Amino acid sequence: MTSARDVVVTGLGATTPLGGDVPSTWDAALAGRSGARTLDNDWAERYEIPVNFAATIKVKPEDVLPRPEIKRMDPSAQYAIIAAREAWSDAGAPEVDGDRLGAVVSSGIGGVWTLLDGWDTLRERGARRMLPMTVPMLMPNSPAAFVSLEFGARAGAHALVSACASGAEAIGYGADMIRTGRADVVICGGTEATIHPMPIAAFAASRTLSLRNDDPEGASRPYDIDRDGFVVGEGAAVVVLESAEHAAARGARVYAKLAGVGLSADAYHITSPDPEGRGQVAAMGRALEDAGVTPADVVHVNAHATSTKVGDLTETRSIRTLLGDDADHVLLSATKSMTGHLLGGAGALETVFTVKAVHERLAPPTINVANPDPELQVPLVRGEPAKLPGGDVAAINNSFGFGGHNVALVVTNA
Amino acid sequence: MANTEQEILEGLAEIVAEETGLPTDAVALEKSFTDDLDIDSLSMMTIVTHAEDKFGVRIPDEEVKNLATVGDAVRFIAGAQA
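Keeping their order, the protein sequence lines are chains A and B.
Be aware that the first sequence starts at 2, since it is given in this note's numbering, and climbs by one per residue.
Be aware that the second sequence starts at 62, since it is given in this note's numbering, and climbs by one per residue.
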């Protein structure tokens with residue numbers, strides 16, 4: 002049953018370590034490829050950073066965007082604009098009153114390249130050399146603002162910040178803008194561009210990164226017993242959400258419904274998840290309730306699963322707690338095994354994957370799982386993609402962030 | 062080290078082209094930064110910052126409003142280098 006204010010997904014866009022758009026990214030994910038590579042710079046040696054690899058973007062913005070756009074936008078906004086243009090075009094460039102069009106694009110960290118380049122300029126060359134665009138480029142709402150400008154989105158431009166849950170929270174907020182009647186169409190997603198030596202050194206200092214320098218492609222291995230941390234990724238993903246009524250009126254192609262949004266906070270520890278998983282269970286439970294589906298309907302979960310020992314197992318225990326025996330028929334995918342961790346872009350990219358999975362009835366694989374952790378409590382899609390059942394189905398995309406932010410999105414078939 | 066006015070024009074055209082995406086030959090002496098080249102105040106200050114760096118001069122903020130055309134800027138930079 003579809004009602005007028007139901008939210009549907011009509012456009013997808015991305016630029017990622019696997020490809021410069023959604024088709025190439027999705028094909029690479031189904032083929033089980035890794036986007037992680039050794040960095041072609043001397044940061045590890047020069048700064049004694051213990052990690053010398055990352056999941057860098059596959060297609061450089063310099064190859065896609067005109068030079069003035071490169072100069073006016075931080076890389077985080079460049080990625081977002083590339084993904085937003087693809088999503089908008091994929092949606093058929095809908096005709097919509099700008100007052101009814103929203104833009105919600107999040108980043109976990111913001112314009113870190115611009116911030117640090119500006120600091121270098123000041124120290125080395127003085128204030129007179131500071132570029133006037135520095136502030137509008139480094140502000141964390143910059144990607145949302147550029148997307149709003151590009152498409153004339155006047156219903157609101159927002160940038161919700163919740164670390165690695167930011168991209169999912171943006172999409173949840175976009176859905177709420179439609180459901181509460183503020184907008185008919187919302188361009189929403191997440192982006193991150195933090196492959197700079199300072200953030201990499203900082204993540205390494207928090208002891209959360211994989212140190213598998215001799216095997217970058219094998220480094221992100223959620224649920225494998227030998228996992229040793231996450232792999233920093235970069236890129237953006239954007240979806241076009243639309244009220245079912247608006248999409249139907251223009252005869253739009255609908256990939257799936259964005260049926261439920263569930264939010265919670267752990268209030269437990271600044272970086273570690275609550276080992277009881279209370280916040281995660283609450284977020285997923287609220288999302289299912291919001292979507293009007295039951296555990297029996299859930300056939301697929303795109304896990305947050307970053308390849309850390311504590312995080313991965315807490316999540317599968319939470320899934321088991323919430324779904325009970327119904328977790329036996331869930332196909333779990335940990336796509337960060339291929340993409341690395343896009344931080345503020347992760348929740349958005351994984352929403353794109355979840356939408357594609359429901360639309361094509363195909364769950365993407367988890368790679369690098371040579372020896373599954375015996376404590377893994379949910380059936381894992383390994384190596385090859387797995388078929389999802391026909392009929393009415395629901396899928397969950399989980400995103401959790403430093404700070405205890407939990408976001409669960411439920412996607413159902415159109 | 063002083064540049065000729067032609068060298069300054071060419072150098073300035075490169076800066077403007079980089080900032081706006083216009084072809085360098087669109088940046089002619091008689092062109093108005095705002096009316097012809099559609100350059101807003103933030104872009105103008107970016108161009109000024111790059112021009113100071115490139116030509117080794119100081120263009121004070123109170124002077125920028127007097128630089129209506131490309132020719133005005135070229136002449137100011139040439140004078141400042143002299």
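Ideal Cβ positions, reconstructed from N, Cα and C, are used throughout, including at glycine.
The structure presented is a predicted model; accordingly, all values stated were derived computationally and were not measured.
Whole beta strand (DSSP E) runs in the stretch 144-229 of chain A with 3 or more residues, listed along the chain? Fully contained in the stretch 144-229 of chain A are the following beta strand (DSSP E) runs of length 3 or more, in chain order: 157-159, 186-193.
Terminal residues of the continuous alpha helix (DSSP H) containing A:Val282? Counting from 1 along the first sequence, the entry for residue 282 of chain A is found at position 281. DSSP places A:Val282 inside the alpha helix (DSSP H), whose first and last residues are 279-292.
Kindly indicate the opening and closing residues of the alpha helix (DSSP H) around A:Gly348. As a first step, residue 348 of chain A is located in the first sequence; it is residue number 347 there, counting from the start. Element bounds for A:Gly348: 347-361.
The alpha helix (DSSP H) spanning A:Lys258 covers which residue range? Along the first sequence, read from residue 1 onward, the residue named residue 258 of chain A stands at position 257. Boundaries around A:Lys258 are those of the beta strand (DSSP E), 257-266, since no alpha helix (DSSP H) includes it.
Within the 8 Å Cβ cut-off, does B:Thr95 reach chain C? As a matter of chain content, chain C is missing from the structure shown, whose protein chains are A and B.
Counting Cβ pairs, one atom from each stretch, are 3 or more of them under 8 Å apart for the stretch 86-93 of chain A and the stretch 102-114 of chain A? The answer is no - the stretch 102-114 of chain A does not touch the stretch 86-93 of chain A, with fewer than three Cβ pairs under 8 Å.
Would you please verify whether the beta carbon of A:Lys61 is less than 8 Å from any beta carbon of chain B? Here residue 61 of chain A refers to the residue found at position 60 when the first sequence is read from its first residue. Residue contact with chain B for A:Lys61: absent (no Cβ-Cβ distance below 8 Å to any residue of chain B).
Separation of A:Val233 from A:Val97, as counted between CA atoms: Taking the first sequence and counting its residues from 1, one reaches residue 97 of chain A at position 96. Taking the first sequence and counting its residues from 1, one reaches residue 233 of chain A at position 232. Rounded to the nearest angstrom, the two C-alpha atoms are 37 Å apart.
Taking DSSP's pairing of strands, which residues face A:Thr307 in a bridge? Position 306 of the first sequence, counted from the first residue, corresponds to residue 307 of chain A. In the DSSP output, where bridge partners are listed per residue, A:Thr307 has none listed.
Flag this pair as touching only if the stretch 279-296 of chain A and the stretch 239-246 of chain A have three or more C-beta atom pairs under 8 Å; answer yes or no. Taking a cut-off of 8 Å on C-beta distances, the stretch 279-296 of chain A does not touch the stretch 239-246 of chain A, as fewer than three cross pairs fall below it.
Span separating the alpha-carbon of A:Met140 from that of A:Arg124: Reading the first sequence from its first residue, position 139 is the one you call residue 140 of chain A. Reading the first sequence from its first residue, position 123 is the one you call residue 124 of chain A. Whole-angstrom Cα-Cα distance: 20 Å.
Buried or exposed for B:Ser102, please, with buried defined as at least 16 other CB atoms from any protein chain shown within 10 angstroms of its CB. By 1-based counting over the second sequence, the position of residue 102 of chain B is 41. Exposed: under 16 other Cβ atoms inside 10 Å.
For the stretch 61-86 of chain A, enumerate the residues whose C-beta is nearer than 7 Å to any C-beta of chain B, in chain order. Under the 7 Å Cβ criterion, the stretch 61-86 of chain A contributes Pro67, Arg68, Pro69, Lys72.
With distances taken between CB atoms, is the gap from A:His342 to A:Cys189 smaller than 8 Å? Numbered from 1 along the first sequence, position 341 holds the residue referred to as residue 342 of chain A. Numbered from 1 along the first sequence, position 188 holds the residue referred to as residue 189 of chain A. No, Cβ-Cβ distance for A:His342 and A:Cys189 is not below 8 Å.
Compute the Euclidean distance between the alpha carbons of B:Gly140 and B:Met106, then round it to the nearest angstrom. Numbered from its first residue, the second sequence carries residue 140 of chain B at position 79. Numbered from its first residue, the second sequence carries residue 106 of chain B at position 45. Each residue's alpha carbon lies about 19 Å from the other.
Taking A:Ser108 as the reference, which of A:Leu13, A:Ala171, A:Asp177, A:Ser400 has the closest Cα? Looking up residue 108 of chain A in the first sequence gives position 107. Ranking the options by Cα distance to A:Ser108, first place goes to A:Ala171.
Report the three-state DSSP secondary structure of A:Ile50 (helix, strand or coil). The count along the first sequence starts at 1 and reaches residue 50 of chain A at position 49. Correct three-state label for A:Ile50: coil.
So, does the stretch 89-97 of chain B touch the stretch 128-138 of chain B, judging by three or more C-beta pairs under 8 Å? Taking a contact to require three or more Cβ pairs closer than 8 Å, the stretch 89-97 of chain B and the stretch 128-138 of chain B qualify as touching.
Which residues does DSSP list as the beta-bridge partners of A:Arg383? Working through the first sequence from its first residue, we reach residue 383 of chain A at position 382. By DSSP's assignment, A:Arg383 forms a beta bridge with A:Thr367.
For A:Arg86, which three-state DSSP category applies? Taking the first sequence and counting its residues from 1, the one referred to as residue 86 of chain A is at position 85. If DSSP states are grouped into helix, strand and coil, A:Arg86 belongs with the helices.
Apart from the five residues just before and just after A:Ala30, which ones in its own chain have a Cβ nearer than 8 Å to its Cβ? As a first step, residue 30 of chain A must be located in the first sequence, where it is residue number 29. Short of 8 Å from the beta carbon of A:Ala30, and not among the five residues preceding or following it, lie these beta carbons of its own chain, in chain order: Leu19, Thr336, Met339, Thr340, Phe354, Pro365, Pro366.
Tell me A:Arg38's beta-bridge partners as DSSP assigns them. Taking the first residue of the first sequence as 1, we reach residue 38 of chain A at position 37. Note: A:Arg38 sits in a beta bridge opposite A:Ala55.
In the DSSP assignment, the beta strand (DSSP E) including A:Ser108 goes from what residue to what residue? For this step, residue 108 of chain A is matched to residue 107 along the first sequence. Note, A:Ser108: beta strand (DSSP E), 102-108.
Does the CB of A:Met134 have a neighbour CB from chain B at under 8 Å? Within the first sequence, the letter at position 133 stands for residue 134 of chain A. Yes - at least one Cβ of chain B is within 8 Å of the one on A:Met134.
Looking at C-beta atoms only, is the number of pairs between the stretch 66-75 of chain B and the stretch 258-268 of chain A that lie closer than 8 Å three or more? Touching, no, given that fewer than three Cβ pairs across the two stretches are closer than 8 Å.
Run through chain A and tell me which residues come within less than 8 Å of B:Thr110, C-beta to C-beta. On the second sequence, residue 110 of chain B is found 49 positions in, with the first residue counted as 1. Result: Arg129, Arg130, Met131, Leu132, Pro133.
Taking Cβ positions, are A:Ala15 and A:Ala238 nearer each other than 8 Å? As a position in the first sequence, residue 15 of chain A is number 14, starting the count at 1. As a position in the first sequence, residue 238 of chain A is number 237, starting the count at 1. When the beta-carbon positions are compared, A:Ala15 and A:Ala238 come within less than 8 Å of each other.
In the DSSP assignment, what are the bridge partners of A:Leu332? Position 331 of the first sequence holds residue 332 of chain A. Paired residue(s): A:His301.
Chain A contact for B:Glu71 (CB, 8 Å cutoff): Residue mapping note: residue 71 of chain B aligns to position 10 of the second sequence, counting from 1. No, because no Cβ of chain A sits closer than 8 Å to the Cβ of B:Glu71.
Who are A:Glu316's beta bridge partners in DSSP? Here residue 316 of chain A corresponds to residue number 315 of the first sequence, with the count starting at 1. Paired residue(s): none; A:Glu316 is not in a bridge.
Have a look at A:Asn369 and A:Asp216 and give me their C-alpha separation to the nearest angstrom. Walking along the first sequence from the start, residue 369 of chain A turns up at place 368. Walking along the first sequence from the start, residue 216 of chain A turns up at place 215. A:Asn369 and A:Asp216: Cα-Cα distance of roughly 11 Å.
Got a sec: is the Cβ-Cβ distance from B:Leu103 to anything in chain A below 8 Å? Counting from 1 along the second sequence, the entry for residue 103 of chain B is found at position 42. It does; some Cβ of chain A falls within 8 Å.
Smallest Cα separation from B:Pro121: which of A:Gly21, A:Leu259, A:Arg130? Within the second sequence, numbered from 1, the residue matching residue 121 of chain B stands at position 60. With distances taken between Cα atoms, B:Pro121 lies closest to A:Arg130.
When burial is assigned at 16 or more other CB atoms within 10 Å of the CB, is A:Val311 buried or exposed? On the first sequence, position 310 is the one that residue 311 of chain A refers to. By the Cβ-count criterion, A:Val311 is exposed, with fewer than 16 other Cβ atoms from all chains shown falling within 10 Å of its own Cβ.
Residues bridged to A:Phe231 by DSSP? Position 230 of the first sequence, counted from the first residue, corresponds to residue 231 of chain A. DSSP, once it has assigned bridges, lists A:Leu210 as partnering A:Phe231.
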